[in-house]
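Order-wise, the sequence lines are chains A and B.
In case it helps, our numbering puts the first sequence at residues 199 to 407.
In case it helps, our numbering puts the second sequence at residues 6 to 69.
Just so it is clear, CB atoms sit at the ideal spot from N, CA and C, and this is done for glycine as well.
Values in this document were obtained by computation on a predicted structure and should not be read as measured data.
To keep things clear, I will list the structure first and then write my remarks on it.
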Amino acid sequence: MTAHKPKTLFIKQTELGKTAAGAKIAEAVGDYLGKSAADARYYYYHRKASTTNGFTAKSWDHVVVKVKASDKLKEVDIQKVQLAASEVVRDAKNNSGPRSWSPRGTSGEQINRHWSISANVEAKAGESARRLSTWLHEIGHQIHFYAGSPDISAMGLVSRYGATNKLESFAEWFSAWALARDEVALFNPKLVEHIEAIIAEAIKSQGKV
Amino acid sequence: MNTLLEQAQTLLDSDSLSIEDVRKLEQLEAQASGDEAELIAELWESVYALADEALLKELQDDAI
C-alpha cells in the first residue's frame with residue numbers, strides 16, 4: 199500500500215451508470231485520480247452497475263467498490279468478517295463447501311466450495327462487511343498485477359469464484375490471507391509463504407508486467 | 006454438458022480476452038436464470054481484471 203499507493207473509489211450504484219448522478223461526481227473523482235473531469239467517468243463507469251460489487255483493471259492505479267448510502271462501515275464486526283473468511287478456508291480444506299461441481303479436465307472428482315470469500319462475509323457479517331472483503335479482493339488484484347500475475351492455482355482452490363482463472367485465484371487467496379492467515383496456513387503452510395513472497399515481489403516491483 | 010456457469014468460467018480462464026469472448030459472456034448470462042445468472046453476473050469483475058486497454062476502452066464506451 200505504501201509502495202504503490204493504489205487509490206479506492208467508494209461509489210454508489212446510481213453513480214456507476216451513465217447517469218446524472220454519475221456525471222455529478224466526475225470532477226471530484228477526477229481531482230482524486232489526477233484526471234480531467236471529462237476523462238474521469240471512464241475510471242468508474244460499470245456497464246453492469248446493478249450486479250457488480252467492485253472492480254479494477256490492470257491499467258488502473260485504483261479500485262472501485264460499490265457502496266450504499268445506508269452502509270455503516272464503522273459498525274462492521276471485524277471478528278465476524280474473519281470468522282466468515284476462516285469458514286470458507288476451512289471448508290475448502292475439508293472439501294465441504296456448499297457449492298459442488300466437477301472441474302473440467304478431471305475424471306468426475308467432486309469439488310465442494312463456497313462461491314467466494316465476500317459472499318460468505320455478506321451472509322455471516324452483513325452487506326456493509328462485504329465492502330471490506332470486496333476491497334481486499336480488488337487490492338489483491340493490484341498486488342498480483344505488480345508481481346507479474348504468477349499462477350498459484352495449483353496450490354489449492356479456496357472458492358468457486360477463485361476457480362475462474364489465475365487472477366481470481368490470487369485475489370481470493372489474498373482476501374483469505376488478509377482475514378484468516380492462520381486458517382490459510384492450516385490449509386497449506388507453503389501457500390502463506392507463497393502469498394507473502396508475491397506481496398514482497400509486488401512491493402519491489404517498479405511496474406506492472 | 007457443461008453448465009452455463011462452467012462455460013462462462015472456461016471463457017474467462019485465459020490470459021487475455023477478446024470482444025468475442027465478452028459477447029459470448031453476455032449471451033451466457035442472458036441464457037441463464039436465477040442463481041446461475043447471478044453468479045455469471047459476478048464474473049464481470051473478472052472481465053475488467055483481464056481486459057487490456059483496448060478492450061477496456063470498448064467496454065467503457067459501450068462499444069461491445
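{"query": "Chain A within 8 Å of Glu11 (chain B), Cβ atoms only", "result": "yes"}
{"query": "Residues from the region 354–366 of chain A in contact with chain B, defined by Cβ distance under 9 Å", "result": "Arg358, Tyr359, Ala361, Thr362, Asn363, Lys364, Leu365 and Glu366"}
{"query": "Closer than 8 Å to chain A by CB, Asp18 (chain B)", "result": "yes"}
{"query": "Secondary structure of His312 (chain A), DSSP reduced to three states", "result": "coil"}
{"query": "For Trp49 (chain B), the nearest candidate out of A:Ile209, A:His342, A:Tyr359 and A:Ser268 (CA to CA)", "result": "A:Tyr359"}
{"query": "Cβ-based neighbour list, Thr206 (chain A), same chain, cut-off 7 Å, excluding 5 preceding and 5 following", "result": "His260, Val261, Val263 and Trp333"}
{"query": "Cβ neighbours of Ala37 (chain B) in the same chain (closer than 6 Å, five flanking residues each side left out)", "result": "Leu9 and Ile45"}
{"query": "Residue span of the alpha helix (DSSP H) that contains Leu271 (chain A), given as start and end", "result": "First-last for Leu271 (chain A): undefined, no H or E at that position."}
{"query": "Chain-order list of residues whose beta-carbon lies under 8 Å from that of Leu64 (chain B) (same chain, five-residue window excluded)", "result": "Val27, Val52, Tyr53 and Ala56"}
{"query": "Best match in B:Glu11, B:Leu61 and B:Asp67 for proximity to Ser21 (chain B) [C-alpha to C-alpha]", "result": "B:Leu61"}
{"query": "According to DSSP, residues forming a beta bridge with Arg297 (chain A)", "result": "A:Arg311"}
{"query": "First and last residue of the uninterrupted beta strand (DSSP E) at Ile141 (chain A)", "result": "Limits of chain A in this structure are 199 at one end and 407 at the other, which puts residue 141 (chain A) out of reach."}
{"query": "CB of Ser298 (chain A) within 8 Å of CB of Ser357 (chain A), strictly", "result": "no"}
{"query": "Distance between His392 (chain A) and Gln277 (chain A) (C-alpha atoms, nearest Å)", "result": "25 Å"}
{"query": "Thr254 (chain A), enclosing beta strand (DSSP E) - first and last residue", "result": "Gly252 to Thr254"}
{"query": "Cα-Cα separation, Ala290 (chain A) to Leu214 (chain A)", "result": "34 Å"}
{"query": "Buried versus exposed, by CB contacts within 10 Å (16 or more), Val287 (chain A)", "result": "buried"}
{"query": "CB-CB length for Glu336 (chain A) against Phe253 (chain A), believed under 8 Å", "result": "7 Å"}
{"query": "Limits of the unbroken alpha helix (DSSP H) element including Lys364 (chain A)", "result": "Lys364 to Phe385"}
{"query": "Beta-carbon proximity of Arg329 (chain A) to Asp269 (chain A), cut-off 8 Å", "result": "yes"}
{"query": "Opening and closing residue of the beta strand (DSSP E) in which His260 (chain A) lies", "result": "His260 to Val265"}
{"query": "Backbone CA spacing between Ala247 (chain A) and Thr212 (chain A) [nearest angstrom]", "result": "8 Å"}
{"query": "Straight-line gap, Ala386 (chain A) to Arg379 (chain A) (C-alpha atoms, nearest Å)", "result": "Correcting the residue type first, residue 386 (chain A) is Asn in the shown sequence and not Ala. About 11 Å."}
{"query": "Interface flag, Asp67 (chain B) vs chain A, CB-CB below 8 Å", "result": "yes"}
{"query": "Within chain A, partners of Leu14 (chain B) - CB distance below 7 Å", "result": "The amino acid at residue 14 (chain B) is misidentified as Leu; the sequence shows Gln. Going along chain A in sequence order, the residues near Gln14 (chain B) (Cβ under 7 Å) are Ala361 and Thr362."}
{"query": "Local conformation of Tyr53 (chain B) per DSSP, three classes", "result": "helix"}
{"query": "Simplified DSSP assignment, three categories, for Ile223 (chain A)", "result": "coil"}
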